[in-house]
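Note that this note's numbering has the sequence shown beginning at 5, numbered continuously upward. Below: one structure, written as structure tokens.
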Amino acid sequence: MSERPLVLGISALFHDAAAALVCGDDIVAAVQEERFSRRKNDWRFPNKAIAHCLAEWPKPVTLDAVAYYENPQLKMQRIVNNTIDNAPRGALVWPQALRTLETLNEALPARLQRILKDPEKIHFLTHHRAHAASAFLPSPFSEAAILVADGVGEWSTTSIWLGKEGKITPVRELKFPHSLGMLYSAFTQYCGFKVNSGEYKLMGLAPFGNPIFADRIRDQLIEIRADGSFALALEYFAFHNGITAINPLFENLFGQPMRHPDEPVTQHFRDIAASIQSVINDIMTTLAQTALALTRMRQLCLAGGVALNCVANAKILSHVANLDALWIQPASGDAGGALGGALDVARMLDDQTSGVRTVVAQDRMKNAFLGPCYDDQEIVDALDRKELIYQKYPDEDGLFRTVAAALAEGFIIGHFDGRMEFGPRALGNRSILADPRPGGTLSKINQRIKFREGWRPFAPMVLADCASQYFEQSNDSPYMLLTAKLRDPFISGPDLAQTLASGERDLPALQEAVSTDFTAVTHVDHSARLQTVSENSGTRAFGILKAFHELTECPMLLNTSFNVRGEPIVCSPDDAVSCFLDTEIDMLIIGSYLVRRSDQHTQLTSQLRRRRFHAD
């Protein structure tokens with residue numbers, strides 16, 4: 005064995021497949037398979053992600069263990085038991101269940117043993133243990149309560165853990181089919197969005213509505229107990245005995261049929277989104293309070309798909325008593341399970357040898373920049389393959405000033421540099437940047453660059469030292485996982501109620517009409533999903549933002565992921581070049597090279613919008 009255990013973690017075969025490589029408690033690499041395959045939320049076995057992670061370690065690679073983020077035997081037990089319990093109603097699920105059982109029983113063990121032949125070195129964690137480990141072990145805390153909430157792994161859907169002395173201990177759990185993740189996905193489907201993909205749209209839609217159905221949800225769909233535990237009224241759902249999340253009884257409860265994805269988002273569905281968000285906020289806040297009470301801790305870690313709900317996270321931070329600090333795993337979905345599994349097995353092997361684990365002031369996530377990095381030659385090759393005209397900037401300060409000036413002129417800029425982000429958020433290295441102040445910026449990026457719904461909000465990248473001047477309760481938010489409200493002096497236009505009273509109902513028009521000094525990055529409730537950046541944030545985008553601040557006195561930029569609708573965030577220089585050519589991005593900053601659209605030959609820019617974009 006090496007001085008510190010070298011462990012490969014894998015999540016796969018359901019959604020958001022990923023791989024991670026750790027050496028002891030040091031994260032060497034972590035990346036989702038979708039970034040290489042270009043299939044959003046790719047669930048397949050992450051061969052390319054594994055190959056990348058192993059390539060990040062000096063040759064030869066001698067793995068001490070492989071960690072898989074779930075226990076296949078327990079998962080098969082749940083699938084079989086659930087299918088039998090719901091017979092004959094669950095007949096539609098049987099073919100899918102049989103395929104899953106075959107994969108878990110035959111294909112998965114064979115794939116894992118190709119990586120590491122010794123079966124005793126292949127470890128199967130439970131799904132929620134992997135999530136809990138991903139939340140606590142990379143955190144800056146020596147001890148903390150841990151709350152995990154998602155759809156389902158094997159049986160667990162919600163769990164509380166104690167993290168202490170480098171170990172995680174289970175405290176309490178709720179089991180399938182009672183699940184917050186499944187509940188939220190049911191409303192995602194009802195509102196016409198894609199399950200396991202469109203939940204963030206539901207969260208973004210909520211501020212347009214009023215929570216008038218919240219009491220109906222609490223009275224009819226879910227029993228919520230004083231400690232935050234809950235039970236679903238299963239007769240309204242179909243995820244446990246069918247191939248969809250909801251059934252006609254669910255639709256009847258709210259008086260309207262499920263929205264078709266191509267239909268307008270009426271006020272009914274806006275109110276539905278606001279209502280379920282309100283219920284989720286209350287449950288997560290109560291669960292967080294219970295986690296602190298049961299563990300006698302004052303620090304909290306979060307993971308699981310529900311932990312990506314930045315509105316609920318902000319409510320936890322502002323409403324939970326005796327909470328001193330909150331840390332959220334930036335890859336809280338299934339991808340993070342690969343990392344958590346690797347870290348937990350490495351910790352276990354460390355305990356068997358030296359027991360080494362150091363406590364750090366900052367988290368161990370390396371700002372989530374854990375993916376591939378490309379050198380100048382690879383970048384130049386990608387630019388030359390498309391015969392692009394480009395300019396090199398050897399002086400980084402000069403590049404910052406040039407980019408800041410372009411942003412101030414209203415240019416939309418694609419920024420590609422350094423290691424790619426791990427998790428769903430672009431944090432600067434694979435980002436599209438813009439000035440958040442001018443009217444029309446939001447609609448331009450939504451419609452002509454991202455090719456998505458015009459009402460979708462964007463996030464601000466804010467200098468950490470300036471955040472509190474502009475936002476209330478602006479806690480450190482390096483991973484874009486918390487919301488905060490813009491302060492009143494920067495709210496310049498009518499609020500949502502006034503705009504609705506004027507007769508306006510169109511979502512994009514409402515988004516533009518409820519204006520602030522930073523309309524492109526604030527929602528209709530004047531909230532924003534903050535990313536705070538500082539000199540140690542690990543992204544060159546900080547230097548661009550700092551130069552922009554010096555030039556304009558504005559300490560924030562619009563930051564959205566460098567991709568188009570239905571596609572993963574760009575990974576390679578070729579991906580970035582293709583996205584630049586397929587959209588109306590004005591300028592591409594890729595490594596130390598600058599590419600202006602205005603400099604290119606007409607035939608290159610004429611490829612704009614040739615591609616067909618998939619629904620997300």
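Yeah, the Cβ is synthetic: ideal placement off N, Cα and C, and Gly gets one too.
{"query": "Same chain, Cβ closer than 7 Å to Phe-258, neighbours up to 5 away in sequence not counted", "result": "Phe-217, Ile-276"}
{"query": "For Leu-534 and Leu-486, believed in contact at Cβ under 8 Å, the rounded distance", "result": "6 Å"}
{"query": "Leu-257 - containing alpha helix (DSSP H), residue span", "result": "252 to 258"}
{"query": "Where Cys-558 sits in the DSSP three-state scheme", "result": "coil"}
{"query": "Length at least 4, wholly inside the segment 21 to 77: the alpha helix (DSSP H) runs in chain order", "result": "38 to 41, 51 to 59"}
{"query": "DSSP state of Asn-450 mapped onto helix, strand, coil", "result": "helix"}
{"query": "Of the listed residues Thr-130, Asn-433, Arg-441, nearest to Ala-412 (C-alpha basis)", "result": "Arg-441"}
{"query": "Minimum C-alpha distance to Ser-163 - residue among Ala-408, Ala-149, Lys-171, Gln-303", "result": "Ala-149"}
{"query": "Near the ligand SAH: Ile-449 beta-carbon under 6 Å from a heavy atom", "result": "The ligand SAH is not part of the structure shown, which contains no ligands of any sort."}
{"query": "In DSSP terms, what Ser-4 is bridged to", "result": "Outside the displayed span of the chain (5 to 620) sits residue 4, for which this structure offers no information."}
{"query": "Per-residue DSSP class, three states only, for Ala-483", "result": "In the sequence as displayed, the identity of residue 483 is Tyr instead of Ala. Tyr-483: coil per DSSP, three-state reduction."}
{"query": "Cutoff 6 Å; reference Val-581; Cβ partners in own chain excluding five residues on either side", "result": "Ala-386, Lys-390"}
{"query": "Residue from Thr-66, Glu-255, Tyr-72, Ala-34 whose Cα sits closest to the Cα of Asp-348", "result": "Tyr-72"}
{"query": "Assigned exposure category for Gly-443 - 16 Cβ within 10 Å defines buried", "result": "exposed"}
{"query": "Cα-Cα separation, Gly-340 to Thr-606", "result": "43 Å"}
{"query": "Where Phe-404 falls: helix, strand or coil (DSSP)", "result": "helix"}
{"query": "Residue range of the alpha helix (DSSP H) that includes Thr-187", "result": "Per the sequence shown, residue 187 should be read as Leu rather than Thr. Element bounds for Leu-187: 184 to 194."}
{"query": "Touch test, the segment 449 to 456 against the segment 395 to 402, Cβ-Cβ under 8 Å, three pairs minimum", "result": "no"}
{"query": "Anticipated Cβ contact below 8 Å, Val-525 with Met-484, distance rounded", "result": "Contact flag wrong, Cβ pair sits at about 11 Å."}
{"query": "Opposing strand residues paired with Thr-564 [DSSP bridges]", "result": "Ile-436"}
{"query": "Option nearest Gly-13 by Cα separation, candidates Phe-455, Leu-187, Glu-74, Val-466", "result": "Glu-74"}
{"query": "Selection from Phe-212, Asn-313, Gln-477, Cys-27 that minimises the alpha carbon distance to Arg-460", "result": "Phe-212"}
{"query": "Endpoints, beta strand (DSSP E) assigned at Val-11", "result": "10 to 15"}
{"query": "6 Å CB neighbourhood of Ser-282 in its chain, flanking five on each side removed", "result": "Pro-215, Ala-218"}
{"query": "Three-pair Cβ contact test at 8 Å for the segment 408 to 425 versus the segment 593 to 601", "result": "yes"}
{"query": "Exposure label - Met-5; buried when at least 16 CB within 10 Å", "result": "Here the model assigns Met-5 a pLDDT of 45, short of 50, so the residue's position is not dependable, and the following value carries that caveat. Per the 10 Å Cβ criterion, exposed."}
{"query": "Trp-285 versus Ala-24: straight-line alpha-carbon distance, rounded", "result": "Trp is not the amino acid found at residue 285; the sequence shown has Asn there. One C-alpha to the other measures close to 31 Å."}
{"query": "Length of the line joining the Cα atoms of Val-528 and Phe-522", "result": "12 Å"}
{"query": "Three-way DSSP call (helix, strand, coil) for His-131 in this model", "result": "helix"}
{"query": "Chain-order list of residues whose beta-carbon lies under 8 Å from that of Asp-367 (same chain, five-residue window excluded)", "result": "Pro-142, Ser-143, Pro-144, Trp-331"}
{"query": "7 Å Cβ cutoff met for Ile-226 and Ser-279", "result": "no"}
{"query": "For Leu-467, three-class secondary structure by DSSP", "result": "strand"}
{"query": "Inter-residue spacing [alpha-carbon to alpha-carbon] between Ala-414 and Asp-30", "result": "Here the sequence assigns Gly to residue 414, which means Ala is not the residue at that position. Between Gly-414 and Asp-30, the C-alpha separation is close to 41 Å."}
{"query": "Whole-angstrom C-beta distance between Leu-431 and Ala-372, which should lie under 8 Å", "result": "6 Å"}
{"query": "His-244: first and last residue of the uninterrupted alpha helix (DSSP H) it sits in", "result": "It is not in any alpha helix (DSSP H) - His-244 carries neither H nor E in the DSSP assignment."}
{"query": "Proximity to Ile-593 [Cα-Cα], best of Pro-572, Glu-571, Phe-566", "result": "Phe-566"}
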